[in-house]
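I have placed the structure first, in the form of structure tokens, so that the comments after it can refer back to it.
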Amino acid sequence: MNLRRWLTPGMGVKRWLAVVFLGEMLLALAGALLLRQVYRDVAVEGPLQAVLWLLTLQFLPYGLRGLILGGLGLVLLVVGFLRVVRVLVVPFAPRDEPLGEVIYQRRLLARGPRIVAMGGGTGLSILLRGLKEYTSNLTAVVTVADDGGSSGKLRAEYGIAPTGDIRNCIAALADAEPLMTRLLQYRFPDSDADRGLAGHSFGNLLIAAMSAVEGDFEEGVRQTNRVLAVRGQVVPASAVPLTLHAELADGRRLDGQSAIARTSGVRRVWLTPEEAPAAEEALAAIRGADLIVIGPGSLYTSILPSLLIPAIGAAVHAAAGPVVYVCNVATQEGETAGYDLADHLAALEAHAGAGIAGVVLANNDLSARRAPGDTSEPVRLDWPPEEARDTLLVLQAIVDPENAHHHDPHLLAAALLRIHREHATPAPARRAARTA
12 MNLRRWLTPG MGVKRWLAVV FLGEMLLALA GALLLRQVYR DVAVEGPLQA
62 VLWLLTLQFL PYGLRGLILG GLGLVLLVVG FLRVVRVLVV PFAPRDEPLG
112 EVIYQRRLLA RGPRIVAMGG GTGLSILLRG LKEYTSNLTA VVTVADDGGS
162 SGKLRAEYGI APTGDIRNCI AALADAEPLM TRLLQYRFPD SDADRGLAGH
212 SFGNLLIAAM SAVEGDFEEG VRQTNRVLAV RGQVVPASAV PLTLHAELAD
262 GRRLDGQSAI ARTSGVRRVW LTPEEAPAAE EALAAIRGAD LIVIGPGSLY
312 TSILPSLLIP AIGAAVHAAA GPVVYVCNVA TQEGETAGYD LADHLAALEA
362 HAGAGIAGVV LANNDLSARR APGDTSEPVR LDWPPEEARD TLLVLQAIVD
412 PENAHHHDPH LLAAALLRIH REHATPAPAR RAARTA
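So the number in this note's numbering is just where the residue sits in the sequence shown, counting from 1, plus 11.
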């Protein structure tokens, strides 16, 4: 048992232990007074007098008597408390996680800031793995424009929104046993004998099956969150499958997220249906957020699709809490090849509106390890021109030292929590903004 975790401030354990101890002391005092009264006022003779003399330790000095009885009572109190906890609580705790850790997560993390993370792909799941160590009030608003791989097959066959990015976010936030998380990410190998399952991820099939059972995609995702004990919630940006389109610099048009991701020279992107409805849970989370994080992730195919949903874009612009855009640490071969920091922010504002993010968080550590033959490059920190002068730039070392393509989840989360502390809107102002 991790005693340090049990004694962490805010756990709510020490105060109630003190109450129990005080109650025991009062009971002991009452018992002592009663015995004293009986010993003085009741005439006890014969063998019973000898028994009382032994029970009250009259043969020992007064101070030593109190020390022995007090120590014995304290030992019995602690042992009894631990046994009661073991019998009543431990059977309901996860087998691979200490009870103190479970209580810590439920109590302290529940007091953390309300954070909305928007995007998709690997970048969003990395961000969530870091943030879940600081708060359980997390909402991942996930892009639903994927049309490739297992998600694309399920989308084409059953008409449901793509599940791949949702699955990755659920796996990142799940508090279920590690085996269950690995099962969620398992992908069936290619097979000539059974091409029906080939290439499918078990997690995608689970979400699709849950949606069929519940008769609704959003409810299916909600129940998957519950079954896998997600710390926070993962919600689709929309329950409607979205199709992403792009116009290139040479005038060509591309349809589909997977095609756009492999192409450079994107001029603009848009969605069909253009007036796609936003998920109500996503809108509610954005309105109530203490901090909104956009990115990291593929700029055109993971970040922008959610913001292009009219209701979501409007909700982010109206948010009372700070909105932070996390720029990628490296360019992405294809859609952002050659982009610097200014290019990333310019593309974001061109599609989602000027001033969409009040803070831009970018990496300034260029020492991360790069794989041999890597054609990407660190994002250059060229800051935008005069029109973005109201946007605050925060530079931090947030790259994974072992992978120049990815953020370090813990460094990134710590930087975002620091921004939240320094730029948080006071509670009265937030309430006024939400009721305006």
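Note that the Cβ used here is the ideal one computed from N, Cα and C, for glycine as well.
This one's a predicted model, so the numbers in the text were calculated from it and none came from an experiment.
Can you give me the start and stop residues for the beta strand (DSSP E) that residue i sits inside?
i	result
residue 69	First-last for residue 69: undefined, no H or E at that position.
residue 247	244-247
residue 279	277-283
residue 355	First-last for residue 355: 352-363, but that is the alpha helix (DSSP H), not the beta strand (DSSP E).
residue 256	254-259
With C-beta atoms as the reference, is residue i less than 7 Å away from residue j?
i	j	result
residue 238	residue 181	no
residue 158	residue 269	yes
residue 379	residue 412	yes
residue 387	residue 344	yes
residue 145	residue 428	yes
residue 287	residue 246	no
residue 393	residue 359	no
residue 127	residue 325	no
residue 184	residue 243	yes
residue 305	residue 129	yes
residue 339	residue 307	yes
residue 139	residue 156	no
residue 231	residue 222	yes
residue 161	residue 211	yes
residue 405	residue 376	no
Buried or exposed for residue i, going by 16 or more other Cβ atoms inside 10 Å?
i	result
residue 433	exposed
residue 62	exposed
residue 374	buried
residue 143	buried
residue 79	exposed
residue 85	exposed
residue 336	buried
residue 437	Bear in mind that a pLDDT of 49 at residue 437, under 50, signals an unreliable position, so the model cannot answer this.
residue 350	buried
residue 285	exposed
residue 30	exposed
residue 27	exposed
residue 361	exposed
residue 439	Bear in mind that the predicted position of residue 439 carries a pLDDT of just 41, short of 50, making it too unreliable to give a figure here.
residue 430	buried
residue 372	buried
residue 420	buried
residue 169	exposed
residue 195	buried
residue 329	exposed
Against chain C, does residue i count as a neighbour if the rule is that its beta carbon must be under 7 Å from one of theirs?
i	result
residue 328	Reference to chain C is not applicable here, since this structure consists of a single protein chain.
Classify residue i as helix, strand or coil using the three-state DSSP reduction.
i	result
residue 189	helix
residue 130	strand
residue 387	coil
residue 150	strand
residue 295	helix
residue 97	helix
residue 447	With a pLDDT of 42 at residue 447, under the threshold of 50, the modelled position of that residue is not reliable, and the figure given next carries that caveat. Three-state DSSP puts residue 447 in coil, outside helix and strand.
residue 119	coil
residue 437	At residue 437, the pLDDT of 49 sits below 50, so the modelled position is not reliable and the matter cannot be decided from this model.
residue 184	helix
residue 125	coil
residue 41	helix
residue 341	strand
residue 198	strand
residue 30	helix
residue 62	helix
residue 89	helix
residue 403	strand
Could you pull the DSSP bridge partners for residue i from this structure?
i	result
residue 411	414
residue 336	305 and 371
residue 136	For residue 136, which the question treats as bridged, DSSP gives no partner whatsoever.
residue 158	The partner list for residue 158 (beta bridge, DSSP) is empty, contrary to what the question assumes.
For the alpha helix (DSSP H) containing residue i, list its first residue and its last residue.
i	result
residue 421	420-434
residue 233	228-238
residue 266	Careful: residue 266 lies outside any alpha helix (DSSP H), inside the beta strand (DSSP E) at 264-266.
residue 213	213-225
residue 317	315-318
residue 324	321-328
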